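Undergrad:
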Amino acid sequence: MADTALPAVRRERLRIAIQKKGRLGEPARALLSACGLAWRETPDRLFCHADNAPVDLLLVRDDDIPRLLLEGHCEWGIVGRNVLGEQLARVREQGAEPAVREERALGFGGCRLSIAVPTALPWNGVADLAGQRIATSHPALLRAWLAERGIAAGVVTLSGSVEIAPGLGQADAVCDLVSSGATLAANRLRPVEDLLASEAVLAVGAAPLDPAREATASTLRRRIDCVLRARDRRLLVFRARRDALPGLMSLLTDVEAPTVCPTEDGDSVSLQALWHGQMPWQRLEALERAGARGLMVLPVERMLA
Ligand code: ATP
Ligand code: ZN
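My numbering applies: residue 617 is where the sequence shown begins, and numbers increase by one.
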């Protein structure tokens, strides 16, 4: 029987919003390109098609990404947990449950949303914030945090340059993003409480996807896994005489998946192991002293489970 009764499956394209410029723009592009997507950007276009997959990219301001997801203009977004959390907290303040969630952390754009107070003032704990004015561009997250602790404080909403507010007399404290703390220190502020540990996340709409988009999403999800698993991993490869093996293995108790393979001559073996982070020189030198030869430390690009 002909399958004309089946609905035609249109090649619906998965729409992914990323930050056009700014701190998350380049790492988000690098992640998608490591997942095999290729696309061309033109400076004035906010929309571009991937050349080799049913995916469209929306290049926007980070603050717009949660709304684009909430309104169904895109299915995925790469955005800071702080920006996502703020917009979702605003929806909750309206008494609604947002139909967008964080699916996974992506391991870049790390920072903290922290309360900071003037360095010159003493700090005895969160109760010191009662009756103070706190400047922030994350008012909903701050209100929720204050409410949980039963602290009545004023929230001064600013869209940027939050850290100069105490110096200008607009506020007594700030609630702002911190990474190194240098900007706070330059404004004579010090972080005292963390509201949120943030990083870039994959945010997704809660509505189920149509089959075509779901197929694209599940391929990409798996590729993201493979790329993130490989991130920061190194492959250690070397040869050694068989009789050096016990000594070498005692130096490799903390590596992942050490594998020993015999070589043609039978007297020696080749070894490989995974390492997380930078390989310390001392470790390589100790392996060399224990008989490792032809040592190589190689970057790992992708790791399939
Ligand atoms: P846009 O023009 O897209 O609105 P923006 O100026 O609001 O950009 P960026 O400064 O590019 O935003 O920061 C984007 C995100 O990078 C932040 O929301 C946060 O998740 C993350 N981030 C990481 N470190 C920091 C930091 N030290 N200060 C601010 N944001 C940081
Ligand atoms: Zn922004």
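Glycine included, every Cβ here is placed at the ideal spot set by N, Cα and C. For clarity, every value in this text was computed on a predicted model and none was experimentally measured.
Can you grab the Cα-Cα spacing for the pair P782 / L812, in whole Å?
TA: Those two C-alpha atoms are separated by around 22 angstroms.
Undergrad: Given H665, which residues of its chain have a CB within under 6 angstroms of its CB, disregarding the five upstream and five downstream residues?
TA: Excluding positions up to five away in sequence, the list reads D672.
Undergrad: Is it true that the CB of P807 sits closer than 8 angstroms to the CB of I731?
TA: Against a cut-off of 8 angstroms, the Cβ pair of P807 and I731 comes out as a contact.
Undergrad: Please classify T620 as buried or exposed, where buried requires at least 16 other C-beta atoms within 10 Å of its C-beta.
TA: Caution applies to T620, whose pLDDT of 45 falls short of 50 and renders its modelled position unreliable; the model cannot decide the point.
Undergrad: A594 lies in the alpha helix (DSSP H); which residues open and close that run?
TA: Residue 594 lies beyond the range of the chain shown here (617 to 921); nothing can be said about it.
Undergrad: Can you tell me where the alpha helix (DSSP H) holding D672 begins and where it ends?
TA: From DSSP, D672 is part of no alpha helix (DSSP H) but of the beta strand (DSSP E) over 671-676.
Undergrad: Measuring only between beta-carbons, confirm whether G638 sits less than 8 angstroms from chain C.
TA: Absence of chain C from the displayed structure is noted, only one protein chain being present.
Undergrad: Of all residues in the structure, which have a C-beta closer than 6 angstroms to any heavy atom of the ligand ATP, taken in chain order?
TA: Taking each Cβ in turn, the ones that pass are Q635, K637, G638, R639, L640, R677, D678, D679, G696, N698, V699, G725, C727, L793, S795, S814.
Undergrad: Buried or exposed, going by whether 16 or more other CB atoms sit within 10 Å of the CB of C791?
TA: Classification of C791: buried, given that the 10 Å Cβ count is 16 or more.
Undergrad: Which value, in whole angstroms, describes the spacing of the CA atoms of R728 and S814?
TA: Taking the straight line joining both Cα atoms gives about 5 angstroms.
Undergrad: What's the gap between the Cα of R899 and the Cα of M919?
TA: Answer to the nearest angstrom: the Cα atoms are 24 angstroms apart.
Undergrad: Kindly indicate the opening and closing residues of the beta strand (DSSP E) around L811.
TA: Segment 805-814, the beta strand (DSSP E) holding L811.
Undergrad: Rounded to a whole number of angstroms, what is the C-alpha to C-alpha distance between C877 and M865?
TA: Rounded to whole angstroms, C877 to M865 spans 13 angstroms at the Cα level.
Undergrad: If contact is defined by three or more beta carbon pairs under 8 angstroms, each pair taking one atom from either stretch, is the stretch 901-914 in contact with the stretch 838-858?
TA: Contact between the stretch 838-858 and the stretch 901-914 is present, because at least three Cβ pairs lie under 8 angstroms.
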